[in-house]
Amino acid sequence: MFDDKSIFISGGTGSFGRAFITRLLAQYRPRRVVVFSRDELKQYEMQQSFTAPCMRWFLGDVRDAERLRQAMRGIDYVVHAAALKQVPAAEYNPSECIRTNVNGAENIIAAAIENGVEKVVALSTDKAASPINLYGATKLLSDKLFVAANNVAGSQQTRFAVVRYGNVAGSRGSVVPFFNKLIGEGANELPITDPRMTRFWITLDHGVQFVLDSFARMQGGEVFVPKIPSIRIVDLARGMAPELPHKVVGIRPGEKLHELMIPLDDARMTLEFADHFTIEPSIRFNNVDADFAVDGVGEQGRRVAEDFEYRSDTNPEFLSIQGIAELHARLPA
65 MFDDKSIFIS
75 GGTGSFGRAF
85 ITRLLAQYRP
95 RRVVVFSRDE
105 LKQYEMQQSF
115 TAPCMRWFLG
125 DVRDAERLRQ
135 AMRGIDYVVH
145 AAALKQVPAA
155 EYNPSECIRT
165 NVNGAENIIA
175 AAIENGVEKV
185 VALSTDKAAS
195 PINLYGATKL
205 LSDKLFVAAN
215 NVAGSQQTRF
225 AVVRYGNVAG
235 SRGSVVPFFN
245 KLIGEGANEL
255 PITDPRMTRF
265 WITLDHGVQF
275 VLDSFARMQG
285 GEVFVPKIPS
295 IRIVDLARGM
305 APELPHKVVG
315 IRPGEKLHEL
325 MIPLDDARMT
335 LEFADHFTIE
345 PSIRFNNVDA
355 DFAVDGVGEQ
365 GRRVAEDFEY
375 RSDTNPEFLS
385 IQGIAELHAR
395 LPA
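Those letters in the sequence shown? Residues 65 to 397, by the working numbering.
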């Protein structure tokens, strides 16, 4: 579906953006791929690797509505990956996080509608479900904005959906590079926030493919949640460095013991599919009358139980220590 199409990626120089564009260029023949980010050095470095004629590079910030309107001209599909994501940094700098994650989302929506974009998929996080930290709260607001944007678009063709998933193994924001650094420096122990802690875990490749699939599945207003395994933080440390002892250092500001991707209160709106869940919008749209039980590619979903929750500690699938070690061995150095 991306052949001869123009695709825009906000935050395109991040871990997801690089992996998404790599997959996009390998599987499709896009007309244009627009990388939009505010870091000129990362754009310069990325340009050395991504030399396809379809590549375009736009310096800009999602806080800048006019720049987004310019950069989105002639775009068919938008992936919104730009965000401030560090939980402790957001706690100490709340206004900055709000300007990027909330105001930036509003600007993406307005630019997409004004330019007649066909589909927009916004990346979210498990921290947006029943948030206790500012980062999660801003992403919940962002999710709500993108869902409601299907009403804002009115009779315009633009449709919006959200993809929500957990920690990305090996990404810049995950604990894996931090552990790798300590191990490489010859650390005598690994710091563990809390031995009870669990997290959802997804590979970057899985996340990229799930976003690509969501473009085909979406009708507008869905929050797509992949079925992914959980990990115990102590198992992660053992899988990466089985010989090192652990030091409990305590939970950082704004952190949870366990993560949640589908709260109990959303069970009544949740459909289960073969490899994912879909949370239906809680509001009705004026110009969309979709049956979300059958998605855009004809997959059939079924209602989950009324007491359903999707939590990292009660998830039926956990990665073993051996599985974590094997996954870690496959990650780029």
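Built from N, CA and C at the ideal position, the CB exists for glycine as well. Please read these numbers as outputs of a predicted model, since none were measured by experiment.
Asked                                                                                                          : Found
Beta-carbon gap between VAL298 and PRO255 smaller than 8 Å                                                     : no
Alpha helix (DSSP H) runs contained entirely in the stretch 281-367, provided each spans 4 or more residues    : 297-304
Backbone secondary structure at ARG263 - three-state DSSP                                                      : strand
Proximity of SER278 and ALA225 at Cβ, strictly below 8 Å                                                       : yes
Residue nearest to TYR92 in terms of C-alpha spacing, selected from ALA116, ALA175, GLU319, ASN215             : ALA116
Burial state of ALA146, where buried means 16 or more other Cβ atoms lie within 10 Å                           : buried
Sequence-distant residues of its chain with Cβ nearer than 6 Å to ARG96 (five each side left out)              : SER70, CYS118, ARG120
The stretch 135-142 in contact with the stretch 173-193 per 3-pair CB rule at 8 Å                              : yes
Cβ neighbours of ALA192 in the same chain (closer than 7 Å, five flanking residues each side left out)         : GLY200, LYS203, LEU204, ASP207, ARG228
Rounded C-alpha distance that separates LEU246 from GLY180                                                     : 48 Å
CB contact check: VAL313 to chain C, cutoff 8 Å                                                                : The structure shown contains no chain C; it is built from a single protein chain.
Candidates PHE356, GLY303, THR262: closest to ASN379 by CA position                                            : THR262
VAL143 classed as buried or exposed, judged by whether at least 16 other C-beta atoms fall within 10 angstroms : buried
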